[in-house]
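First comes the structure, then the notes that go with it.
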């Protein structure tokens with residue numbers, strides 16, 4: 001089992017460009033999450049999806065959109081990238097229930113120039 | 001909104017010394033989880049605490065959940081170089097909430 005797979009692993013964008021980070025999980029989990037990690041800031045929740053067909057904003061949703069394409073896939077889109085969105089992005093899926101544990105992907109390192 | 005504070009931000013210890021990181025929430029938590037992230041890696045789940053006053057052990061690691069369910073701690077006895085990494089707590093407040101809020105983490109360095 002691959003677990004949680006994120007693509008791409010690295011990406012460099014220019015300010016104003018758009019891109020989509022892809023995430024897929026093969027553990028049949030209902031809940032999926034997108035976090036960003038910046039030095040000294042820990043992991044901040046961007047969006048989450050408690051189940052297929054639903055998405056909710058987290059702490060820092062501005063500048064991002066998400067799509068829960070199906071149960072396996074949860075994508076994160078930057079419509080007009082800004083230097084402040086330079087970060088490492090982690091996707092995670094969660095074992096059943098709101099007390100479940102998170103399984104993280106390996107991360108996507110995004111640089112916006 | 002819910003805030004989870006974690007201290008210290010950094011800790012340098014000599015190998016064999018003990019280490020403790022503390023987590024405090026602005027709201028009562030329904031549960032708290034702990035994760036470890038090795039340098040260059042992704043966070044990996046360690047444990048979850050649900051009950052008030054709960055204490056769990058994993059070998060040299062001891063996890064506690066406060067009586068008021070607003071604070072938690074992770075204690076490592078006799079640190080080893082393999083303990084190096086950043087330790088995060090993450091909490092959920094409100095029954096039925098799927099939002100998991102992370103602390104900023106404690107970065108542990110172990111000097112051999």
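Residue numbers (the working numbering), protein chains in the order written: chain B, 1 to 113; chain H, 1 to 112. Backbone N, C-alpha and C define an ideal beta-carbon position, used for all residues, glycine too.
Could you give the residue range of the beta strand (DSSP E) that holds residue i?
| i | result |
| --- | --- |
| residue 87(H) | 85-92 |
| residue 102(B) | 102-104 |
| residue 4(B) | 4-7 |
| residue 116(B) | This structure cannot speak to residue 116(B), because chain B is shown only from 1 to 113. |
| residue 11(H) | 10-14 |
| residue 18(H) | Careful: residue 18(H) lies outside any beta strand (DSSP E) and carries neither H nor E. |
| residue 75(H) | 71-76 |
| residue 61(H) | 61-65 |
| residue 40(B) | No beta strand (DSSP E) contains residue 40(B), which DSSP labels as neither H nor E. |
| residue 31(H) | 31-37 |
| residue 50(B) | Element bounds for residue 50(B): n/a, residue is neither H nor E. |
| residue 107(H) | 106-111 |
| residue 64(B) | 64-68 |
| residue 89(B) | 87-94 |
| residue 100(H) | Unbroken run through residue 100(H): none, as it is neither H nor E. |
Residue j and residue i - do their beta-carbons sit closer together than 9 Å?
| i | j | result |
| --- | --- | --- |
| residue 102(B) | residue 112(H) | no |
| residue 181(H) | residue 5(H) | This structure cannot speak to residue 181(H), because chain H is shown only from 1 to 112. |
| residue 9(H) | residue 105(H) | yes |
| residue 91(H) | residue 101(H) | yes |
| residue 9(B) | residue 72(B) | no |
| residue 49(B) | residue 66(B) | yes |
| residue 48(H) | residue 34(H) | yes |
For residue i, does the count of other Cβ atoms within 10 angstroms reach 16, so buried, or fall short, so exposed?
| i | result |
| --- | --- |
| residue 32(B) | buried |
| residue 93(B) | buried |
| residue 3(B) | exposed |
| residue 86(H) | buried |
| residue 50(H) | exposed |
| residue 78(H) | exposed |
| residue 14(H) | exposed |
| residue 80(H) | exposed |
| residue 100(B) | buried |
| residue 58(H) | exposed |
| residue 103(H) | buried |
So which of the options has the shortest CA-CA distance to residue i?
| i | options | result |
| --- | --- | --- |
| residue 34(B) | 106(B), 97(B), 81(B) | 106(B) |
| residue 83(B) | 29(B), 20(B), 12(B) | 12(B) |
| residue 107(H) | 99(H), 83(H), 92(H), 100(H) | 83(H) |
| residue 63(B) | 17(B), 96(B), 71(B), 81(B) | 81(B) |
| residue 67(H) | 103(H), 23(H), 54(H), 109(H) | 54(H) |
| residue 63(H) | 13(H), 32(H), 80(H) | 32(H) |
| residue 6(B) | 21(B), 50(B), 16(B) | 21(B) |
| residue 65(H) | 52(H), 17(H), 21(H) | 52(H) |
| residue 89(H) | 61(H), 97(H), 22(H) | 22(H) |
| residue 14(B) | 85(B), 97(B), 54(B) | 85(B) |
For the stretch 74-94 of chain B against the stretch 72-89 of chain H, do three or more pairs of beta-carbon atoms, one drawn from each stretch, fall closer than 8 Å, so that the two count as touching?
Too few Cβ pairs lie closer than 8 Å, so no.
The stretch 68-77 of chain B touching the stretch 37-44 of chain H, judged by at least three CB pairs closer than 8 Å:
With a cut-off of 8 Å, the stretch 37-44 of chain H and the stretch 68-77 of chain B do not count as touching, because too few Cβ pairs lie within range.
Segment contact, 8 Å Cβ cut-off, at least three pairs: the stretch 18-29 of chain B with the stretch 42-53 of chain B:
Touching, no, given that fewer than three Cβ pairs across the two stretches are closer than 8 Å.
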